[in-house]
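Accompanying notes for the structure given below.
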Amino acid sequence: MSAYVEIYFDNSTGRFPTEKDELVLKRAIGLKKDEYFIDRKHVTKTEVASLLESAGFSRSNPYNIVQQGKVIQLTVMSPEKRLDLLKDIAGTKIYDERREESLGIMKETAARRVKTDGMLTDIEVRLKELDEEKEELAKYQALDKRRKIAEYTYYEKERLKAKAELDKMERKRNEDSERTEAQQRRE
């Protein structure tokens, strides 16, 4: 089971923030959900309320229709209450509330920005430190490589010297061994 209601607003005076001369507001009510449409486009309830408030129809402003006895009540009000009522009717109270809310959001955003700027500065400092460490590491690695090459060269020369000495000793031993054998054969 479902039903819907459509309201056609004359917008020739431009009261609604749209370029069309007519605005169609539709609410479809079903068993499980309500749907809202503005000019056949699906919107949220909040968007509908915002549109109506922008045109001067506000939930906090029940004075679009003046009830019996309200005019007399208005004439006997104190100036402060009358000013509050006029602010409600004109929608300035909602404007002031939204303005305060927006200013609060702006302050929060500014505080977050300051915090973010501080974090960015810290990150930039750390990146600079890391770059310096990277350069130092590259220098260290280059020097370490040179050291290893020098060590390898030194040990290779020492090894070759030792091998040459061993070869020399081996030849001498072989020669001595051959001489000893030759002497033993002669005897």
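Residue numbers (the working numbering): 164 to 350. Cβ atoms here follow ideal geometry from the backbone N, Cα and C, with glycine treated the same way.
Same chain only: Cβ atoms within 7 Å of residue i, ignoring 5 sequence neighbours per side
{"i": "T181", "result": "N174"}
{"i": "I170", "result": "L188"}
Through-space distance from residue j to residue i, alpha-carbon basis
{"i": "K250", "j": "V288", "result": "53 Å"}
{"i": "R276", "j": "L283", "result": "10 Å"}
{"i": "K308", "j": "E319", "result": "16 Å"}
{"i": "T316", "j": "R310", "result": "10 Å"}
{"i": "D197", "j": "R190", "result": "7 Å"}
{"i": "G232", "j": "S165", "result": "38 Å"}
{"i": "K270", "j": "E263", "result": "10 Å"}
{"i": "A273", "j": "G281", "result": "12 Å"}
{"i": "R261", "j": "G267", "result": "10 Å"}
{"i": "R178", "j": "K278", "result": "42 Å"}
{"i": "R349", "j": "D339", "result": "15 Å"}
{"i": "F346", "j": "A313", "result": "The residue you asked about is not Phe; residue 346 is Gln in the sequence shown. When rounded, the distance between both Cα atoms is 49 Å."}
{"i": "L293", "j": "Q304", "result": "16 Å"}
{"i": "D184", "j": "E243", "result": "38 Å"}
{"i": "H205", "j": "E216", "result": "18 Å"}
{"i": "R203", "j": "D259", "result": "32 Å"}
{"i": "F200", "j": "G219", "result": "19 Å"}
{"i": "F172", "j": "I235", "result": "31 Å"}
{"i": "E210", "j": "R245", "result": "30 Å"}
{"i": "K326", "j": "M332", "result": "10 Å"}
{"i": "L237", "j": "I192", "result": "37 Å"}
{"i": "K297", "j": "K291", "result": "10 Å"}
Backbone secondary structure at residue i - three-state DSSP
{"i": "D285", "result": "helix"}
{"i": "D294", "result": "helix"}
{"i": "V206", "result": "strand"}
{"i": "E271", "result": "helix"}
{"i": "P242", "result": "helix"}
{"i": "A218", "result": "coil"}
{"i": "R336", "result": "helix"}
{"i": "T316", "result": "helix"}
{"i": "E328", "result": "helix"}
{"i": "E321", "result": "helix"}
{"i": "E350", "result": "coil"}
{"i": "R178", "result": "coil"}
Residue(s) in a DSSP beta bridge with residue i
{"i": "S165", "result": "G193"}
{"i": "V187", "result": "Y171"}
{"i": "Y199", "result": "R190 and V206"}
Cβ-based burial, residue i [other Cβ within 10 Å; buried from 16]
{"i": "L306", "result": "exposed"}
{"i": "L194", "result": "exposed"}
{"i": "L214", "result": "buried"}
Cβ shell of residue i (< 6 Å), same chain only, five flanking positions each side left out
{"i": "K324", "result": "none"}
{"i": "L300", "result": "none"}
Residue i beta carbon near the ligand HEM (any heavy atom closer than 7 Å)
{"i": "T207", "result": "Ligands in the displayed structure: none, and consequently the ligand HEM is not present."}
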